[in-house]
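Residue numbers (the numbering used here), protein chains in the order written: chain A, 174 to 378; chain B, 174 to 378; chain C, 174 to 378. Scroll down for the structure; my scribbles are underneath it.
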Amino acid sequence: MTAAASLEMLNVVGTFAFGLSGAMVAIRRRLDLFGIIVLAVAAGVAGGLLRDLLLREAPPEVLSTLWPMAVAAAAGLGAFFFAPFIDRQWRPVMVLDAVGLGVFAVAGCDKALAFGLDAPGAVLLGVMSAVGGGMLRDMMAAEVPRVLHEEVYALAALCGSAAYAGLRAAEIAEGLAVALSMLLAFAIRLASVRYGWRLPRARGS
Amino acid sequence: MTAAASLEMLNVVGTFAFGLSGAMVAIRRRLDLFGIIVLAVAAGVAGGLLRDLLLREAPPEVLSTLWPMAVAAAAGLGAFFFAPFIDRQWRPVMVLDAVGLGVFAVAGCDKALAFGLDAPGAVLLGVMSAVGGGMLRDMMAAEVPRVLHEEVYALAALCGSAAYAGLRAAEIAEGLAVALSMLLAFAIRLASVRYGWRLPRARGS
Amino acid sequence: MTAAASLEMLNVVGTFAFGLSGAMVAIRRRLDLFGIIVLAVAAGVAGGLLRDLLLREAPPEVLSTLWPMAVAAAAGLGAFFFAPFIDRQWRPVMVLDAVGLGVFAVAGCDKALAFGLDAPGAVLLGVMSAVGGGMLRDMMAAEVPRVLHEEVYALAALCGSAAYAGLRAAEIAEGLAVALSMLLAFAIRLASVRYGWRLPRARGS
Numbered sequence: 174m175t176a177a178a179s180l181e182m183l184n185v186v187g188t189f190a191f192g193l194s195g196a197m198v199a200i201r202r203r204l205d206l207f208g209i210i211v212l213a214v215a216a217g218v219a220g221g222l223l224r225d226l227l228l229r230e231a232p233p234e235v236l237s238t239l240w241p242m243a244v245a246a247a248a249g250l251g252a253f254f255f256a257p258f259i260d261r262q263w264r265p266v267m268v269l270d271a272v273g274l275g276v277f278a279v280a281g282c283d284k285a286l287a288f289g290l291d292a293p294g295a296v297l298l299g300v301m302s303a304v305g306g307g308m309l310r311d312m313m314a315a316e317v318p319r320v321l322h323e324e325v326y327a328l329a330a331l332c333g334s335a336a337y338a339g340l341r342a343a344e345i346a347e348g349l350a351v352a353l354s355m356l357l358a359f360a361i362r363l364a365s366v367r368y369g370w371r372l373p374r375a376r377g378s
Numbered sequence: 174m175t176a177a178a179s180l181e182m183l184n185v186v187g188t189f190a191f192g193l194s195g196a197m198v199a200i201r202r203r204l205d206l207f208g209i210i211v212l213a214v215a216a217g218v219a220g221g222l223l224r225d226l227l228l229r230e231a232p233p234e235v236l237s238t239l240w241p242m243a244v245a246a247a248a249g250l251g252a253f254f255f256a257p258f259i260d261r262q263w264r265p266v267m268v269l270d271a272v273g274l275g276v277f278a279v280a281g282c283d284k285a286l287a288f289g290l291d292a293p294g295a296v297l298l299g300v301m302s303a304v305g306g307g308m309l310r311d312m313m314a315a316e317v318p319r320v321l322h323e324e325v326y327a328l329a330a331l332c333g334s335a336a337y338a339g340l341r342a343a344e345i346a347e348g349l350a351v352a353l354s355m356l357l358a359f360a361i362r363l364a365s366v367r368y369g370w371r372l373p374r375a376r377g378s
Numbered sequence: 174m175t176a177a178a179s180l181e182m183l184n185v186v187g188t189f190a191f192g193l194s195g196a197m198v199a200i201r202r203r204l205d206l207f208g209i210i211v212l213a214v215a216a217g218v219a220g221g222l223l224r225d226l227l228l229r230e231a232p233p234e235v236l237s238t239l240w241p242m243a244v245a246a247a248a249g250l251g252a253f254f255f256a257p258f259i260d261r262q263w264r265p266v267m268v269l270d271a272v273g274l275g276v277f278a279v280a281g282c283d284k285a286l287a288f289g290l291d292a293p294g295a296v297l298l299g300v301m302s303a304v305g306g307g308m309l310r311d312m313m314a315a316e317v318p319r320v321l322h323e324e325v326y327a328l329a330a331l332c333g334s335a336a337y338a339g340l341r342a343a344e345i346a347e348g349l350a351v352a353l354s355m356l357l358a359f360a361i362r363l364a365s366v367r368y369g370w371r372l373p374r375a376r377g378s
C-alpha cells in the first residue's frame, strides 16, 4: 500500500471513530435516529469544515467529496443498531478516536502549510481540525466540550501538529514526517488515558 | 404575481416565522429586549449566513441586503409586545415555520447547484440552510437543538431539497421544480405534526 | 504616540481583557489549564475571526498575525495563576473589557466599511466583532451567552459602531471618528454598569 493510500485509510478510520463518538453522545441524550446521524456527521466532519472555511477553500472538501460524510453517517447508523454493544467497547473506540486525532491534526497542519500559513498558525489550524468536531458535538448536546476538561486530548493534537511543522521545517521527507508526528499524537493520547495524566486546575476554583 | 415575486414573498414569510420562533425561545428564557431581537435575527438569518459562508459568497447576502435581518428583527419586536398572544397561536406559527423550512431548503439547494456543487452536496447545503437558524437559536439558549429530537423536521427539509435536486436533474422547469419540492417539504412537516410521526430511538438508551 | 499605535495598544488591552473573561468562566467551570487557555483564546479572538470569515479575508488575521492569540493565551495563563486575586478585581477587569468592547466594535465597523459594505451591514459587523468572542465563550461553557441577558452590553457596541459609521459618512477625520465612537461605546457600557441600566423583558414571561 502506498503512503497516500495508507493516509486515506487512516483518515476514514478517524472519521468513523469520530462519527461513533458523536452518535454515542446523541444516544445518551436520547435523540432520535436523525439526531444521531446529524451528531455523528457533525463530530466526523466539522473539524475539516472549519479548516476549509478558515483556508477559504470553497466549496469545502466535505461538500464536494462526500465520503467523509458518508463514513460518519454510517458510523451513526451502526451506533443506532448496536448501541449497547458499542457502549461496552469503549477501549477500541478510544483507540480509533486517537488515530483520528493524530490524522486530523497532521492533515490540518499540512494543508495550512501548503496554503502558505506560517508554522504557528498552521499548528493551531491542525489542532482546530482535530478537536473542532468533538467541540461542535458537545456544544450541540448542550454540554461543556469534553476536550476542554478531559485528559490530555487537545494537547496530544497540539504535539502532533507541532511535531509535523517542526519536521517539515527540518526538511524531513513528507511521508516520514507524517508517520512520526501522527504516531506521537497517538502515543501521547493513549498514554494519557492509560496513566490518567491530568493537567492542573486553578487553585481556589 | 410572477414566480420570482412569489418566492421572495414566501422567503419573507419564512424569515418572519423563524424570527418569531427565536424570539419565543428568548422570552421563555427571560432574556431582555436585546436578547430577544438577537435570537430572532439568529434564528431568521443564520441558515442563509452559513450557506453563503460555505459557498464563499462575500459579503454574505445577509450583510449586503438587509431585509432578512430587518424582517427577523421585526418578528422579535412583535413577539416582545405580543408574547402571550403569540404563545397561544402555536398552530399558525408552526404553519409559517413549515413554509420557511420548505423555502430555505429549496433556495439553499438551488444556490448550491448554481454554484456548481454536485447534487449530494447541494442537497445537504439545502438542509443546512433550512435548519441552521433553529440550531443556532437553541445552542445560544444552551439547549439541545430541537431539530435533533423533535418530530420529522430536518427530514422534511431533506425531502424537499432532494426532490428539488432530482427534479432539476430531470430537467423540469425551474418554477415547477421549486413549487413541487417546497410543497413536498411543507406537506411532510405538517403531516408529521398532525399525525405525531416520530423517528425511532436506539434500544437500551 | 501616533494614533495607529494608540489604537493597536487599545486593541491589545481589549484582547487581554476578553481573554481574562474567558479564563475566569473556565476556572469557574473547573476546567483544566488547557481548557482555561482555550476559552481565553476563544473569548479573545473569536470576534475578529468571525469578522474576517464574513469579509472573506483568508487566512483570517488571527492565524496570520499571532499576537492576538498570544495575548489572549497570556491572559489565560495569568488567570490560572492568580485566579483568586483576579476574581476580586472585577471592577478593573470590567473597565478593560469595556475598552475592548469599544475598540472591537469600531475596528470591525471600519474594516467592513473599507471592504465596501453599506453602513447598516458594517454597523452589524462591528457589533458581531465586539460580542462574538463573549458569545462563543459562554456557548462553549454551555451557558446562555451573558451578552443576551446582562446589562446594556451589545447595545453599547451597537452605539459605538453606529456612531463610527455616522461620523465617517459625515466625513469626519478617521482619527477623531475612531476616538469619539470608541469613547461613546465605553461610556455607555460603564454607565450601564454604574447605574444598573436594564432593557425591558416581555410581559408574562
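Glycine is no exception: its CB is placed at the ideal position from the N, C-alpha and C atoms.
Check: Mapping DSSP to helix, strand and coil, what is C/Arg203?
Finding: Reading the third sequence from its first residue, position 30 is the one you call residue 203 of chain C. Coil, per DSSP.
Next item on the list: Please determine if the stretch 343-352 of chain C and the stretch 290-299 of chain C are in contact, where contact requires at least 3 C-beta pairs separated by less than 8 Å.
Entry: No: fewer than three Cβ pairs fall under 8 Å.
Item checked: Option nearest B/Ile361 by Cα separation, candidates B/Ala178, B/Val325, B/Leu222 -> Counting from 1 along the second sequence, the entry for residue 361 of chain B is found at position 188. Out of B/Ala178, B/Val325, B/Leu222, B/Val325 has the C-alpha closest to the C-alpha of B/Ile361.
Margin query: Across the stretch 314-330 of chain A and the stretch 283-294 of chain A, are there enough close Cβ pairs to call them in contact, namely three or more that are closer than 8 Å?
Written below: The stretch 314-330 of chain A makes no contact with the stretch 283-294 of chain A, as fewer than three CB pairs between them are under 8 Å.
Next item on the list: Would you mind telling me which residues of chain B sit closer than 8 Å to C/Val317, beta carbon to beta carbon, in chain order?
Entry: Against the third sequence, residue 317 of chain C aligns to sequence position 144. Near C/Val317 (Cβ distances below 8 Å), the residues of chain B are Arg202, Leu204, Met313, Ala314, Ala315.
Margin query: Between A/Leu239 and chain C, is the shortest Cβ-Cβ distance under 8 Å, so that the two count as touching?
Written below: Walking along the first sequence from the start, residue 239 of chain A turns up at place 66. It does not; no Cβ of chain C falls within 8 Å.
Item checked: chain A residues whose Cβ lies nearer than 9 Å to that of C/Ala285 -> As a first step, residue 285 of chain C is located in the third sequence; it is residue number 112 there, counting from the start. Ordered by position in chain A, no residue passes the 9 Å Cβ test against C/Ala285, which lies about 18 Å from the chain.
Note to self: Quick check on the DSSP output: the alpha helix (DSSP H) that includes B/Pro318 runs from which residue to which?
What the structure shows: Walking along the second sequence from the start, residue 318 of chain B turns up at place 145. For B/Pro318, there is no enclosing alpha helix (DSSP H), as DSSP marks it with neither H nor E.
Margin query: Judging by CA-CA distance, which residue of A/Leu274, A/Ala330, A/Val317, A/Leu331 is the nearest neighbour of C/Leu212?
Written below: Mapped onto the third sequence, residue 212 of chain C falls at position 39. Distances from the alpha-carbon of C/Leu212 to those of A/Leu274, A/Ala330, A/Val317, A/Leu331 put A/Val317 closest.
Check: How would you label A/Ala248, buried or exposed, when you count the other beta carbons within 10 angstroms and need 16 or more for buried?
Finding: Counting from 1 along the first sequence, the entry for residue 248 of chain A is found at position 75. Burial of A/Ala248 is indicated by the presence of at least 16 other C-beta atoms within 10 angstroms of its C-beta.
Notebook entry, point to check: How would you label C/Ser179, buried or exposed, when you count the other beta carbons within 10 angstroms and need 16 or more for buried?
Noted result: As a first step, residue 179 of chain C must be located in the third sequence, where it is residue number 6. Result: exposed.
Checklist line | CB contact below 8 Å: A/Phe189 versus chain B | finding: In the first sequence, the residue the question calls residue 189 of chain A occupies position 16. Nearest CB-CB separation between A/Phe189 and chain B: not below the 8 Å threshold.
Checklist line | chain B contact for A/Ala216 (CB, 8 Å cutoff) | finding: Here the question's residue 216 of chain A lines up with position 43 in the first sequence. For A/Ala216, the answer is no, since every Cβ of chain B falls outside 8 Å of its Cβ.
Note to self: Within 8 Å of any Cβ in chain A, is that where the Cβ of B/Ser378 sits?
What the structure shows: Your numbering for residue 378 of chain B matches position 205 in the second sequence. Reliability of the predicted coordinates at B/Ser378 is poor, the pLDDT of 48 falling under 50, and no value is obtained from them.
Check: Starting from C/Tyr337 and walking both ways along the alpha helix (DSSP H), at which residues does that stretch end?
Finding: Locating residue 337 of chain C in the third sequence gives position 164, where the first residue counts as 1. For C/Tyr337, the enclosing alpha helix (DSSP H) has its first and last residue at 327-342.
Item checked: Residues that A/Arg229 contacts on chain B, provided the C-beta gap is smaller than 7 Å -> One-based indexing of the first sequence puts residue 229 of chain A at position 56. At a C-beta separation below 7 Å, A/Arg229 has these neighbours in chain B: Arg229.
Check: In this structure, does DSSP put B/Arg264 in helix, strand or coil?
Finding: In the second sequence, the residue the question calls residue 264 of chain B occupies position 91. Note: B/Arg264 maps to helix in three-state DSSP.
Notebook entry, point to check: Mind pulling the chain D residues with CB within less than 8 Å of C/Leu353?
Noted result: Note that chain D does not occur in the displayed structure, where the protein chains are A, B and C.
Check: Is C/Arg367 helix, strand or coil when you go by DSSP?
Finding: Locating residue 367 of chain C in the third sequence gives position 194, where the first residue counts as 1. Of the three classes helix, strand and coil, the one that applies to C/Arg367 here is helix, per DSSP.
Check: Unbroken alpha helix (DSSP H) runs of length 4 or more, entirely within the stretch 228-280 of chain C: which are they?
Finding: Taking only runs of at least 4 residues, the alpha helix (DSSP H) segments lying wholly in the stretch 228-280 of chain C are 234-237, 240-261.
Notebook entry, point to check: Taking all protein chains shown into account, do 16 or more other C-beta atoms lie within 10 angstroms of the C-beta of A/Pro257, making it buried, or fewer, making it exposed?
Noted result: As a first step, residue 257 of chain A must be located in the first sequence, where it is residue number 84. When all chains shown are included, A/Pro257 counts as exposed.
Notebook entry, point to check: Is the CB of C/Leu298 under 8 Å away from at least one CB in chain A?
Noted result: Numbered from its first residue, the third sequence carries residue 298 of chain C at position 125. For C/Leu298, the nearest beta carbon of chain A is not closer than 8 Å to its own beta carbon.
Margin query: Residues of chain A with CB closer than 7 Å to the CB of B/Arg374, please, in chain order.
Written below: Stepping through the second sequence from its first residue, residue 374 of chain B is reached at position 201. Those are Arg203, Asp205, listed as they occur along chain A.
Item checked: Identity of the residue in A/Ala177, A/Asp205, A/Met197, A/Leu183 nearest B/Arg374 by Cα -> For the purposes of this step, residue 374 of chain B is identified with residue 201 of the second sequence, where counting begins at 1. Nearest option by C-alpha distance: A/Asp205.
Next item on the list: Ignore the nearest five residues each way along the sequence and tell me which others in C/Leu331's own chain have a CB closer than 6 Å to its CB.
Entry: For the purposes of this step, residue 331 of chain C is taken as residue 158 along the third sequence, with counting starting at 1. Result list for C/Leu331: Val300, in chain order.
Check: When the Cα of A/Ala271 is compared with those of A/Asp311, A/Ala358, A/Tyr368, A/Val320, which residue comes out closest?
Finding: For the purposes of this step, residue 271 of chain A is taken as residue 98 along the first sequence, with counting starting at 1. Checking every option, the nearest Cα to that of A/Ala271 belongs to A/Ala358.
Margin query: Among the candidates C/Trp370, C/Met355, C/Ala245, whose CA atom is the shortest distance from the CA of C/Met197?
Written below: Within the third sequence, the letter at position 24 stands for residue 197 of chain C. Minimum Cα distance to C/Met197 is reached at C/Ala245.
Next item on the list: Within 10 angstroms of the Cβ of A/Gly369, are there 16 or more other Cβ atoms? Answer buried if so, exposed if not.
Entry: For this step, residue 369 of chain A is matched to residue 196 along the first sequence. So A/Gly369 ends up on the exposed side.
Notebook entry, point to check: In the structure shown, what three-state DSSP assignment does A/Arg224 receive?
Noted result: As a working note, residue 224 of chain A is residue 51 in the first sequence. In this structure, DSSP gives A/Arg224 a helical state, which the three-state scheme calls helix.
Margin query: Please classify B/Ala190 as buried or exposed, where buried requires at least 16 neighbouring CB atoms within 10 angstroms.
Written below: Position 17 of the second sequence holds residue 190 of chain B. B/Ala190 should be labelled buried.
Check: Should the stretch 335-344 of chain A be called in touch with the stretch 210-226 of chain C, which here means at least 3 C-beta pairs below 8 Å?
Finding: In short, these stretches do not touch, since the Cβ pair count stays below three.
Checklist line | Cβ-based burial, B/Thr238 [other Cβ within 10 Å; buried from 16] | finding: Counting from one through the second sequence, the residue named residue 238 of chain B turns up at place 65. B/Thr238 comes out exposed.
Checklist line | Close-in-space but distant-in-sequence residues of the same chain around C/Ala303 (CB under 7 Å, 5 per side omitted) | finding: Here residue 303 of chain C refers to the residue found at position 130 when the third sequence is read from its first residue. For C/Ala303, the CB contacts under 7 Å within the same chain, skipping 5 residues up- and downstream, are Gly220, Leu274, Phe277, Ala278, Gly281, Ala330 in chain order.
Note to self: Residues in the same chain with beta-carbon distance under 7 Å from B/Arg224, minus the five sequence neighbours each way, listed in chain order, please.
What the structure shows: Residue mapping note: residue 224 of chain B aligns to position 51 of the second sequence, counting from 1. Only residues of its own chain outside the window of five on either side were considered, and among them Gly281, Lys284, Leu298, Met301, Ser302 have a CB closer than 7 Å to the CB of B/Arg224, listed in chain order.
Next item on the list: Starting from B/Gly299, follow the alpha helix (DSSP H) in both directions and report where the run begins and ends.
Entry: Taking the first residue of the second sequence as 1, we reach residue 299 of chain B at position 126. 292-313 is the span of the alpha helix (DSSP H), which, as asked, contains B/Gly299.
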